[in-house]
Each structure stands twice: as C-alpha cells, then as structure tokens.
C-alpha cells in the first residue's frame with residue numbers, strides 16, 4: 010500500500026514537468042480589453058506628441074500636446090486599474106504595473122516620480138515575478154539614473170531576476186557580487202554568474218568578464 014502511495018505521489022509531482030516538456034513554457038496571459046485600450050491610447054498619444062497620426066479617430070491630427078496628454082491620461086488610468094486588480098493572473102496585473110511604472114519614470118503623461126516608479130517596479134518584480142520590472146529598477150538603483158543609488162536594493166532585484174532565469178539579472182548580480190557592491194563580496198559566484206550569462210549570449214556579461222580578466226568559458230557552474 011505504501012509503495013503504491015509513493016508511486017502515485019511521484020507521478021503527481023512529475024506532472025507539471027511532463028506538461029511543460031510536452032507543451033513548452035507557459036504562455037503569458039493575453040491582454041484584457043482594458044489593457045489593450047491603454048496600449049492604444051499610449052500609442053496614439055506618442056504619435057500625437059511626435060506629430061504623426063494614424064487617423065484612427067477619423068480626423069486629421071498632427072502635433073497636439075493637449076490631445077496627447079489626454080490619451081496618456083487614459084492609458085495611465087487603464088494601466089492603473091489593471092495593476093490594482095489582483096483578481097487577474099499574476100503576469101497580467103504585474104505587466105500593467107510595469108507599464109505604469111515606465112510612465113512615471115519617463116514622465117509620460119504624468120509628473121516624473123521616481124519614488125512612485127520604484128514602488129510599482131518593486132511590486133511587479135517582488136510580488137508579480139515580472140523580470141523586466143526587476144532589471145529596470147535594479148539598474149536604476151545601481152546607477153542612480155535620476156533616482157538615488159541603492160546598491161542593496163539593486164542586488165536584491167538582480168537576485169530575483171536571476172532566480173527567474175534572466176541572463177541580464179544574473180549578469181547584474183554577478184557584477185555586484187564580484188565587486189562587493191550591496192553586500193558581501195563573492196568573486197567565485199560572481200564570475201560564474203557572469204560566465205553563465207555570457208554563455209547565454211548576453212554580450213554585456215562577456216565585456217565585464219574581459220574587464221575583470223576572467224575567462225569567458227564556463228568550465229563548471
């Protein structure tokens with residue numbers, strides 16, 4: 010009886026892996042109508058701001074700051090609504106938080122607010138496993154880039170991105186580990202992470218290895 014139970018349990022545990030092997034990685038959740046509307050308004054605002062229009066509203070529109078601002082405000086409201094809706098799949102709401110954060114970081118349709126952008130990126134990264142949110146805020150925290158330099162925070166987010174399998178995140182973490190930024194120095198792990206990212210065709214990691222005088226070849230990871 011015990012043998013049968015263990016056999017059944019092992020088969021159950023293998024089911025997700027077998028499913029992924031058969032059907033490939035999980036596909037992202039498609040955008041909701043509200044998110045698609047936000048994307049449309051964002052694109053239209055960008056065109057109006059650059060003096061181009063696709064005539065989607067049936068009028069001949071060229072550069073118009075006020076209309077562009079109106080479109081961006083509608084995009085912001087759409088993204089904010091989706092970001093705050095935790096009843097949707099994690100990858101869906103975190104994607105909208107990321108889009109909203111980009112608007113605050115780049116001052117698109119809103120007053121530039123790095124603190125708000127960081128909160129949104131952090132939420133998308135740490136709660137929503139959104140890789141691009143992790144690496145964007147990690148980079149901003151690492152170099153400042155209009156915000157405040159915070160090595161510890163950058164290292165935390167690079168660690169999360171690396172744990173999610175992202176080559177850029179692993180390279181950023183490896184660089185900080187090798188240099189001892191944001192925590193204890195660990196040149197062995199740092200060099201291995203950089204080598205792995207280089208092997209994954211992330212060119213920046215290869216350049217960092219050259220700068221540190223470390224072989225690009227990953228002998229053992």
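In the numbering used here, the protein residues as written are 10 to 230. The beta-carbon is built from N, C-alpha and C at its ideal position, and this holds for glycine as well.
Asked: How close, in whole Å, do the beta carbons of residue 101 and residue 197 come, if the pair is a contact with beta carbons under 8 Å?; Found: Not a contact, Cβ separation roughly 39 Å.
Asked: Between residue 182 and residue 168, how many whole angstroms is the CB-CB distance? I'm expecting something under 8 Å.; Found: 5 Å
Asked: Rounded to whole angstroms, what is the Cα-Cα separation between residue 115 and residue 107?; Found: 12 Å
Asked: For residue 152, report the span of its alpha helix (DSSP H) as first-last.; Found: 140–152
Asked: Let me know the secondary structure DSSP gives residue 173 once reduced to three states.; Found: coil
Asked: Just to confirm my understanding: we take residue 142, look at its own chain, exclude 5 residues before and 5 after, and list those with CB closer than 6 Å. What are they?; Found: 107, 130, 133, 134
Asked: How is residue 16 classed by DSSP in three states: helix, strand or coil?; Found: Here residue 16 scores only 44 on pLDDT, less than 50, and its place in the model is too uncertain to base an answer on.
Asked: Would residue 43 pass as a contact of residue 103 if the rule is Cβ separation under 7 Å?; Found: no
Asked: Measuring CB to CB, does residue 163 end up less than 7 Å from residue 191?; Found: yes
Asked: Thinking residue 211 and residue 200 are a contact (beta carbons under 8 Å), I'd like their distance in whole angstroms, please.; Found: That belief does not hold up - the Cβ atoms of residue 211 and residue 200 are roughly 15 Å apart, past 8 Å.
Asked: Is residue 155 near residue 113, with beta carbons less than 7 Å apart?; Found: no
Asked: According to the neighbour-count rule (16 or more other Cβ atoms, all chains shown, within 10 Å of its Cβ), is residue 57 buried or exposed?; Found: buried
Asked: So which of 126, 73, 178 has the shortest CA-CA distance to residue 166?; Found: 178
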